[in-house]
Structures are given as structure tokens and as C-alpha cells.
Amino acid sequence: MLNRNAEALFWIGRYIERAENHARLIDVHYHIQQEEDFQAEGHKWSRLIDALGVRNEYLQQFEGFCEQDVLSFITLDLGNSNSLFSCVHQARNNLRTLRQHLPSELWDIINSFNLWLGEQSVADILSGPHQFYQQVKERAAMFLGAEQSVMLRGNEWRFIESGRFLERAENTTRILQAVTVSCKSKDINAIYTQLQAVLKSVSGYQAFRRYYADAMSPESILEFLIVNAYFPRSIRFSFHKLEEHLAKLQLDSSEKGSGHERVIRQAGKIKAELDYMEKEEMSGDLVEDVLQSLMGSCQKLGRTMEGAFFRREGVSA
């Protein structure tokens, strides 16, 4: 089942995870604005663009950063391949080519999700941003819940899960990169506000407090989100799950080879580095180098998987 089908499944997992991540980030962004002292309007919204890694693409269309333009671009603009709507739309297109191989519930959910987004406007978002992005999160959770509940634990499921956890690792890394850069030269209260917002964006605030009840510091938050072994959205947890799914792919003799082994080795190496990472590496200027290295490793692993498993014809990626 390798090549086109495998790649389509892999990207279904990535796109649904990315759409949910966008919704989480944007929703929390509104809460940050309520808690922060006054800042220039443009800076508030440019920070969100940076967290999603789409500054260059945004500036090709817009000269400045305002709420309406930013929300339109990152949420509903199908011309932006990284918008929330584009992610759901491309996941739907991929799933449509595999309908005969996957439970019908998945198609029903993703098709309904796509149609609903197509009916929305920026005015709908602005009239109730929290309610809008909450609906996005609930629809993404509905898809993932059905995937977990009804899919056979074969290669199809493992490729979706592999895409999901690689995307999750990249998303958490990118968010932390954006925060560590923006926190430079700021006072400690501003840093706390942003890092607490990151915890809330991944629904990790309460879990964090269980581990660090009396140690709310930038270093402890970074440690929790990078190397905690039990929090499902930490980078370390994501790589443990990713390696597990890659290793359990059931390939026949003609499909096994050096490419599959190379993918498993790369994922295992990243996992081991996270398992044995020192606290000192997650503080001060060192954390920027660590995050940059992790982002490079995620991207390299994605390219290695592409070379080992995928053929690109006809797949939305």
C-alpha cells in the first residue's frame, strides 16, 4: 500500500493536526491580548503570523498586520496553502481518493467539516472568535476520535498517526521558537504571560501544574513542553509515538529496505536525544539552538520518509 496511498494517509494526519493547532493558537492569542499591557496592534497580530511560520507568504499579500487581514489569511484563505481551511480541504481531497479503504465515518466528518468552513466569513469569526475556534477544535477532535475508535490497526492507521505526531512535534517546536525569540529583551512578566499562553494553547496548563506546582518559570515550562514523557503534546512524547508507529509498519519483503531502516534510525536518534537532554540545554541562549536543531531534524525526517515511502503524483501535500 506504499507510495501514493501512504502519502495521502500521512498528509491526512498532518493536515488535521495542523488545523487543530491553528485553532488552538488563535484562540489563545485572544486571551493573551486581554492579559497583556498595551502593545501596538500590528505587533500583536504579527506575533501570531510568526508563530505559524507564514510571515513571508503573508507579506506578499498585505502591507501591515491587522486583525481582519490576519484572521482571513490564516483561517479561511484557500490561496494560502497553510490556512486552516486549506488544511481541512486538502485532508478531504486526500481522503476522497481513499474512501474505499477507510471507514465511512471519516469521510462524513471531514466532508461536513470542509463544507462548514466554506460557509464561514471573517465577519462570522469576528462576531465570536472563541466560539468559532472552539467549533474547529471540536470538529478536529471528532475526526480523530472516529479514527481512533473505528480504524483497523494496520498500515493505514499507522501512516495517519505518523503524520499526526510528526506535525505535532513540528508545531510545538515552532511555537516555542516564536516565543523564545519574541521574549528577548522583555521583562519577566511578559515572558511568563506568553509561556503560560503556550501551555494553554496545548491544553497543558493543569498537567504542568501537577509536575511544577511551585516552579512556574520559563525554564520549567520549556522543559515540560520539550521533554516530558507523559504529556501528549510534548516534543518527546510525539517522537516516542512516531517511532513506535514507524517501527510497527507491516511491510512485505519487496517494501522493506534501507529507506525504511533509515527512517526508523533517524526517528530513534531524535527520540534518544530528547530522552537524555540535560536541563541546562533548555535554558538561556542554549534553548534556541536546541529548538533550531529539533526543527531541522523534523524537516529532515519528513524528507527521508518521502524518499522511503512516497510518490508525489496526485496527492495534496
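Counting in full-length UniProt numbering, the sequence shown runs from 1 upward without gaps. Note that beta-carbon positions come from the ideal geometry of N, C-alpha and C, so glycine has one too.
Spatial distance of residue i from residue j (CA atoms)
i	j	result
residue 71	residue 111	22 Å
residue 245	residue 272	16 Å
residue 202	residue 121	26 Å
residue 249	residue 3	14 Å
residue 107	residue 123	28 Å
residue 319	residue 168	The requested residue 319 does not occur in the structure, where the chain is confined to residues 1 to 317.
residue 57	residue 280	35 Å
residue 301	residue 282	22 Å
Residue from the options whose Cα sits closest to the Cα of residue i
i	options	result
residue 172	195, 217 and 159	195
residue 164	147, 275 and 177	147
residue 61	77, 287, 278 and 160	77
residue 75	97, 118 and 145	118
residue 88	209, 137, 67 and 158	137
residue 43	153, 222, 178 and 261	178
residue 126	174, 68 and 251	68
residue 142	220, 20 and 159	20
residue 276	234, 227 and 109	227
residue 284	268, 217 and 239	217
Sub-8 Å separation of residue i and residue j beta-carbons
i	j	result
residue 22	residue 52	yes
residue 101	residue 27	no
residue 229	residue 236	yes
residue 176	residue 242	no
residue 94	residue 207	no
residue 298	residue 170	yes
residue 10	residue 159	yes
Same chain, Cβ closer than 7 Å to residue i, five either side skipped, listed in chain order
i	result
residue 150	103 and 105
Beta-carbon contacts of residue i that lie in its chain and below 6 Å, excluding the five residues immediately before and after
i	result
residue 197	28 and 32
residue 133	23, 26 and 27
Near the ligand GDP: residue i beta-carbon under 7 Å from a heavy atom
i	result
residue 67	By its list of ligands, the structure shown contains no ligand whatsoever, and the ligand GDP lies outside what it can speak to.
Other residues of its chain near residue i: CB distance less than 8 Å, five sequence neighbours each side excluded
i	result
residue 233	168, 172, 202, 203, 204 and 225
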